[in-house]
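Asker: In terms of my numbering, the sequence shown opens at residue 5 and continues consecutively.
Ideal Cβ positions, reconstructed from N, Cα and C, are used throughout, including at glycine.
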Amino acid sequence: EQIYTAKSTLQKILSSWTKYIKDAKLLDGWLDEMQKQHLKKPPLASRSQWISAYSSVNEAGNFLMEVSKDQVALKLSSELKKLSNRWMKFTRRVKFEETKQRREESKLAKSNAECVESCMEEATK
5 EQIYTAKSTL QKILSSWTKY IKDAKLLDGW LDEMQKQHLK KPPLASRSQW
55 ISAYSSVNEA GNFLMEVSKD QVALKLSSEL KKLSNRWMKF TRRVKFEETK
105 QRREESKLAK SNAECVESCM EEATK
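Next comes the structure, spelled out in structure tokens:
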């Protein structure tokens, strides 16, 4: 049973490294692309994919920090912090842009309503 447990743990570690490396590269590249293109808002269809990848990187990274030697855990921690900072900056920018867009749409709707009201008053004179 101990051999089975050790084998299972090693498989989880290998799987976590694979997931961490793959998703960290994907996220890093995607954030670079968003920054290069000055995209303020990712397409809605891909947003859930990136949120999932971000969660996966954190889950794998946190597990690997628990089972790794201190030096490796510190390096992982540093990498996760950098990635998390980039992620948080991007998500804040997206939220800001969404709020700004809603305000502009609200102003436009109000302006349109006022225009319709004004036209109705003119028409009834």
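Counting along the chain, where does the alpha helix (DSSP H) carrying T9 start and finish?
Answerer: Taking the first residue of the sequence shown as position 1, residue 9 is located at position 5. Residues 6-40.
Asker: For V76, count neighbouring Cβ atoms within 10 angstroms of its own Cβ and tell me buried if that reaches 16, exposed if not.
Answerer: Taking the sequence shown and counting its residues from 1, the one referred to as residue 76 is at position 72. With fewer than 16 Cβ atoms within 10 Å of its Cβ, V76 is classed as exposed.
Asker: Just tell me which of N62, R106, T95, K85 has its CA closest to the CA of K26.
Answerer: Indexing the sequence shown from 1 puts residue 26 at position 22. Among N62, R106, T95, K85, the Cα nearest to that of K26 is on N62.
Asker: May I ask you to report which of helix, strand or coil DSSP gives T103?
Answerer: Position 99 of the sequence shown, counted from the start, is the residue given in the question as residue 103. Note: T103 maps to helix in three-state DSSP.
Asker: Could you compute how far the alpha carbon of L30 sits from the alpha carbon of K40?
Answerer: Here the question's residue 30 lines up with position 26 in the sequence shown. Here the question's residue 40 lines up with position 36 in the sequence shown. Spanning the two alpha carbons is a distance of roughly 15 Å.
Asker: Given this structure, state the Cα-to-Cα distance separating L80 from G65, to the nearest angstrom.
Answerer: Indexing the sequence shown from 1 puts residue 80 at position 76. Indexing the sequence shown from 1 puts residue 65 at position 61. So the two alpha carbons sit approximately 7 Å from each other.
Asker: Can you tell which of A57, C119, I7, Q6 has the C-alpha that lies nearest to the C-alpha of T22?
Answerer: Indexing the sequence shown from 1 puts residue 22 at position 18. Checking every option, the nearest Cα to that of T22 belongs to A57.
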